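Just so you know, the protein sequences line up as chains P and B, in that order. Just so you know, we're using the numbering used here here: the first sequence kicks off at 1 and counts up by one. Just so you know, we're using the numbering used here here: the second sequence kicks off at 1001 and counts up by one.
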Amino acid sequence: MSGAIIELDGVTKSYGGVVANHAVSLTVERGSITGLIGPNGSGKTTLFNSIVGYHPIDSGSIRFEGQEISRLRVQEIARLGLLRTFQATRIYGKMNCMQNMLISIPHRKARLRDMFAREDGEVAEKAERLLAFVGLYEKRHLRSGSLSFGQQKLLEFAMALMNEPTVLLLDEPTAGINPTLINGLLDRLKRANLEFGITLFIIEHNMRVIMNTASKIYCMAHGEMLAQGEPGEIQRDQRVIDAYLGAN
Amino acid sequence: MNLVSRQTLPYLLILTAGVFAPFLFRDYSNEIAVLWLMIVFASTWDILGGQMGYNSLGNIFFFGAGMYICAIVQIGLYYDVGMYTSGARTTHIVFTTAQYFTGFALGTVAAAIGAAALAVVAGWIVLALRGPYFAIGTLGIAIAAAELISSWEWVGAASGISMPVFPFGPATQKLFFYFLLFVLAFVLLVFLRWLYSTNFGLALNAIRDDEQKAEAMGLHTRRYKRTAWAISAVFLGISGAIFGNMTGFIEPRDIAFPTTTFNIFMVIMVLLGGKGTLWGPVIGAVVFHTIKEVTWTYFLGWQFVALGLLIVVTIVYFQQGIVGWLMERYPGLFKAAPKGEPEPALGVALAPHAEGAE
Chain P
1 MSGAIIELDG VTKSYGGVVA NHAVSLTVER GSITGLIGPN GSGKTTLFNS
51 IVGYHPIDSG SIRFEGQEIS RLRVQEIARL GLLRTFQATR IYGKMNCMQN
101 MLISIPHRKA RLRDMFARED GEVAEKAERL LAFVGLYEKR HLRSGSLSFG
151 QQKLLEFAMA LMNEPTVLLL DEPTAGINPT LINGLLDRLK RANLEFGITL
201 FIIEHNMRVI MNTASKIYCM AHGEMLAQGE PGEIQRDQRV IDAYLGAN
Chain B
1001 MNLVSRQTLP YLLILTAGVF APFLFRDYSN EIAVLWLMIV FASTWDILGG
1051 QMGYNSLGNI FFFGAGMYIC AIVQIGLYYD VGMYTSGART THIVFTTAQY
1101 FTGFALGTVA AAIGAAALAV VAGWIVLALR GPYFAIGTLG IAIAAAELIS
1151 SWEWVGAASG ISMPVFPFGP ATQKLFFYFL LFVLAFVLLV FLRWLYSTNF
1201 GLALNAIRDD EQKAEAMGLH TRRYKRTAWA ISAVFLGISG AIFGNMTGFI
1251 EPRDIAFPTT TFNIFMVIMV LLGGKGTLWG PVIGAVVFHT IKEVTWTYFL
1301 GWQFVALGLL IVVTIVYFQQ GIVGWLMERY PGLFKAAPKG EPEPALGVAL
1351 APHAEGAE
């Protein structure tokens, strides 16, 4: 398998009569940061949902580390090490930050008796380290639902890292975060990629962010793959500019 | 306070109260025995309803199932069940002391295992439902069970089963069943304290807060949900086995599967005490049971009006329950002091820190 870790080939998904994704093909290289952009309603989130098994696809194939995963369920795919975060941040709101982290341990290794294990020592230290990594260490005993939206996004990111994924799919990680926090998040995304070796596949509307982080960018429009290339190429691509300005 | 940690203090109090109560309040020992049963009801309901966010209206199913499984084993070990329950039977059947206790012990074990197995099977179907659909689905199971038993001649149908008679006098009988229910409730509370401190407790809370997120994180949600229900079922099954022998006569609608009394009491006790907490259901059970006994004694005829009123008031005005209200009012009392360092003061905790990067 060359360097590809995720390979999509002709993925089609429609809701009733509406075709959300039509024959979408793409590859994400192992260890890379890959971007996915496109106007609202172009089918980006649908594609993410297809990849992580949220709904069955109509046709095409999705391979993760060479294994066909388009028939697997959400939990099974997550346990393979392919994880996603949500556009509308999702955390366990009534639990505190540490508890959110402790239940996010990788479950692929979980045996039956691990259901009744108590996580302390190493695991708790790791949770604290990751909370410090995203800057939430001081708030680790606070109810996570009481955090600000931006902090909840950071917590969700830390939870994803706790899970030790091979690939992390991020759905608009900077949406709704204030501009000062964005730089911090950007920095952490890059470090997660470099230091932890996690492949990142990111949906993003903030062009400055995606152009500065991704090495390769795919652009979707009307459910189809419109263009692909390096950030520079994408920025100059007339089709992409038209799509964003609504010319077609 | 140093000799006894804050965690073990309630257990010592309960142990003391439980052991001495039947001797101090001899006339009320049956009522107090039922109180332990109510604590078992409330605490097992809270495993799903409070900790996991799945409001079951059919937990009574496991109570009744345990009761019947135990009865069938107790009788079936020594006699033909169909003959024993037959209305045409004229012979008088007596169980020896050894037969009684062997049957009761084996029956209770069978009730625990059987109830757990039923929870796994029923859970296969209804735990896929969420919210009100789960509540209605479980209620359907309990009602169906009552109807099924009511028309099943082999187990006595609607006319029920007269249980084997306790081999010793009434005073011994009272104490015997009192202590069985007390020990069951105590073991349950110790068990739950441990359970909620493990990954299991975290997983149940995660499912309650956002089940889809838990799935997306790869949590074995179905495994946890089924196991949680099976744990409830084990304790309810045992309690049914004990209660059936305590009353001496069992029948499907009012004793084994009382969907409109015990079944609803479970829910209201937890709501009253505070759901999703270890002690809320216990406090709820004590308050509820006291109110219930008082209205039964002094306002006979109006007792269900009083209980209905209590339910309405709790649900409309007091959803967080007694413990929930205390936690809101006096958060300092409930602060779980983390090991090592003290909790940061609120002012410090809210100081901007996450924004500090770059």
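Don't be surprised by glycine CBs; every beta carbon is placed ideally from N, CA and C. Everything numeric in this text was worked out from a predicted model, so none of it was measured.
Which chain B residues are close to residue i, counting only those with a beta carbon under 7 angstroms from its beta carbon?
{"i": "R108 of chain P", "result": "G1218"}
{"i": "N212 of chain P", "result": "Chain B residues near N212 of chain P: none, gap ~13 angstroms exceeds 7 angstroms."}
How big is the Cα-Cα spacing for residue i and residue j?
{"i": "A1337 of chain B", "j": "K139 of chain P", "result": "Here the model assigns A1337 of chain B a pLDDT of 45, short of 50, so the residue's position is not dependable, and the following value carries that caveat. Roughly 14 angstroms between the two C-alpha positions."}
{"i": "R191 of chain P", "j": "I105 of chain P", "result": "20 angstroms"}
{"i": "S59 of chain P", "j": "Q87 of chain P", "result": "25 angstroms"}
{"i": "A243 of chain P", "j": "Y15 of chain P", "result": "23 angstroms"}
{"i": "Y92 of chain P", "j": "R84 of chain P", "result": "15 angstroms"}
{"i": "V134 of chain P", "j": "R188 of chain P", "result": "7 angstroms"}
{"i": "L1148 of chain B", "j": "A1021 of chain B", "result": "39 angstroms"}
{"i": "F1101 of chain B", "j": "T1261 of chain B", "result": "30 angstroms"}
{"i": "G1321 of chain B", "j": "M1266 of chain B", "result": "14 angstroms"}
{"i": "L142 of chain P", "j": "Q152 of chain P", "result": "12 angstroms"}
{"i": "M262 of chain P", "j": "A1216 of chain B", "result": "Because chain P is modelled from 1 through 248, residue 262 of chain P falls outside the range shown and cannot be assessed."}
{"i": "A1144 of chain B", "j": "G1137 of chain B", "result": "11 angstroms"}
{"i": "R1223 of chain B", "j": "D114 of chain P", "result": "12 angstroms"}
{"i": "I6 of chain P", "j": "R30 of chain P", "result": "8 angstroms"}
{"i": "A1105 of chain B", "j": "E1328 of chain B", "result": "45 angstroms"}
{"i": "E156 of chain P", "j": "W1279 of chain B", "result": "31 angstroms"}
{"i": "L1077 of chain B", "j": "A1110 of chain B", "result": "12 angstroms"}
{"i": "T1097 of chain B", "j": "F1168 of chain B", "result": "8 angstroms"}
{"i": "G1301 of chain B", "j": "G1332 of chain B", "result": "43 angstroms"}
{"i": "I121 of chain P", "j": "L102 of chain P", "result": "It is worth fixing the name first, because residue 121 of chain P is Gly in this sequence and not Ile. So the two alpha carbons sit approximately 11 angstroms from each other."}
{"i": "R236 of chain P", "j": "I210 of chain P", "result": "15 angstroms"}
{"i": "I1014 of chain B", "j": "A124 of chain P", "result": "33 angstroms"}
Give the interface partners of residue i over in chain P, defined as CB-CB distance under 9 angstroms, in chain order.
{"i": "N1055 of chain B", "result": "Going along chain P, no residue has its Cβ under 9 angstroms from N1055 of chain B, so there is no contact; the nearest lies around 16 angstroms."}
{"i": "S1162 of chain B", "result": "Within chain P, no residue comes near S1162 of chain B; the closest Cβ sits about 41 angstroms away, beyond 9 angstroms."}
{"i": "N1199 of chain B", "result": "L102, I103, I105, A110, D114, M115, F116, A117, R118 and E119"}
{"i": "A1203 of chain B", "result": "I103 and M115"}
Report the CB separation of residue i from residue j in whole angstroms; it is logged as a contact under 8 angstroms.
{"i": "L1184 of chain B", "j": "I1238 of chain B", "result": "6 angstroms"}
{"i": "H1220 of chain B", "j": "A110 of chain P", "result": "6 angstroms"}
{"i": "A1115 of chain B", "j": "L1037 of chain B", "result": "About 15 angstroms; that fails the 8 angstroms criterion."}
{"i": "L200 of chain P", "j": "N193 of chain P", "result": "5 angstroms"}
{"i": "S1150 of chain B", "j": "G1087 of chain B", "result": "Actually they are not in contact, since the Cβ atoms of S1150 of chain B and G1087 of chain B sit about 14 angstroms apart, beyond 8 angstroms."}
{"i": "I69 of chain P", "j": "I57 of chain P", "result": "With 8 angstroms as the limit, I69 of chain P and I57 of chain P do not qualify as a contact, their Cβ atoms being about 11 angstroms apart."}
{"i": "L185 of chain P", "j": "I198 of chain P", "result": "The pair is not a contact, with the Cβ atoms about 15 angstroms apart (cut-off 8 angstroms)."}
{"i": "G3 of chain P", "j": "M220 of chain P", "result": "With a Cβ gap of about 22 angstroms, G3 of chain P and M220 of chain P do not count as contacting."}
{"i": "A1285 of chain B", "j": "G1276 of chain B", "result": "Incorrect: roughly 15 angstroms between the Cβ atoms, too far for contact."}
{"i": "L72 of chain P", "j": "R108 of chain P", "result": "Between R108 of chain P and L72 of chain P the Cβ distance is about 13 angstroms, and since that is not below 8 angstroms, they are no contact."}
{"i": "V24 of chain P", "j": "Y54 of chain P", "result": "Actually they do not touch by this definition, with Cβ atoms about 15 angstroms apart."}
{"i": "I1047 of chain B", "j": "M1163 of chain B", "result": "Wrong, their Cβ atoms sit about 29 angstroms apart, outside the cutoff."}
{"i": "W1194 of chain B", "j": "G1082 of chain B", "result": "Their Cβ separation, rounded to whole angstroms, is 43 angstroms, which puts W1194 of chain B and G1082 of chain B out of contact at 8 angstroms."}
So which residues on chain B does residue i lean against when the C-beta distance must stay under 8 angstroms?
{"i": "M95 of chain P", "result": "L1202, N1205, A1206 and D1209"}
{"i": "R79 of chain P", "result": "G1218"}
{"i": "V52 of chain P", "result": "A1216"}
{"i": "N163 of chain P", "result": "M1217 and G1218"}
{"i": "Q99 of chain P", "result": "L1202 and N1205"}
What in chain P is Cβ-close to residue i, meaning under 7 angstroms?
{"i": "Y1330 of chain B", "result": "What Y1330 of chain B touches in chain P: nothing, since even the nearest Cβ is about 16 angstroms away."}
Name, please, each residue of chain P whose Cβ falls closer than 8 angstroms to the Cβ of residue i.
{"i": "K1213 of chain B", "result": "F86, R90, I91 and Y92"}
{"i": "Y1224 of chain B", "result": "M115"}
{"i": "T1221 of chain B", "result": "Q75"}
{"i": "T1227 of chain B", "result": "M115"}
For this session: Evaluate the contact criterion for the stretch 1194–1211 of chain B versus the stretch 1052–1069 of chain B: three or more CB pairs, one atom per stretch, below 8 angstroms.
Result: yes
Exercise. Which ranges would you report for the alpha helix (DSSP H) in the stretch 206–232 of chain P if only whole runs of at least 4 residues count?
Worked result: 207–213
For this session: Determine, using beta-carbon pairs with one atom in the stretch 117–131 of chain P and one in the stretch 39–48 of chain P, whether at least three such pairs fall under 8 angstroms.
Result: no
Exercise. Which residue spans inside the stretch 1221–1278 of chain B form an unbroken alpha helix (DSSP H) run of at least 4?
Worked result: 1221–1247 and 1262–1273
Exercise. Does the stretch 1064–1078 of chain B come close enough to the stretch 1121–1136 of chain B that 3 or more CB-CB pairs lie under 8 angstroms?
Worked result: no
Exercise. Which runs of the alpha helix (DSSP H) spanning at least 4 residues fall entirely within the stretch 1004–1058 of chain B, listed in chain order?
Worked result: 1009–1024 and 1029–1046
Exercise. Unbroken alpha helix (DSSP H) runs of length 4 or more, entirely within the stretch 1068–1151 of chain B: which are they?
Worked result: 1081–1085, 1097–1126 and 1132–1150
Problem set entry | Segment contact flag, the stretch 222–231 of chain P with the stretch 48–55 of chain P, C-beta cutoff 8 angstroms, min 3 pairs | no
Exercise. In chain order, which beta strand (DSSP E) runs of at least 3 residues are fully inside the stretch 114–201 of chain P?
Worked result: 167–171
Problem set entry | Completely contained alpha helix (DSSP H) runs for the stretch 63–91 of chain P, where each covers 4 or more residues | 74–80
For this session: May I have a chain-ordered list of the alpha helix (DSSP H) segments no shorter than 4 residues that lie completely inside the stretch 1311–1340 of chain B?
Result: 1321–1329
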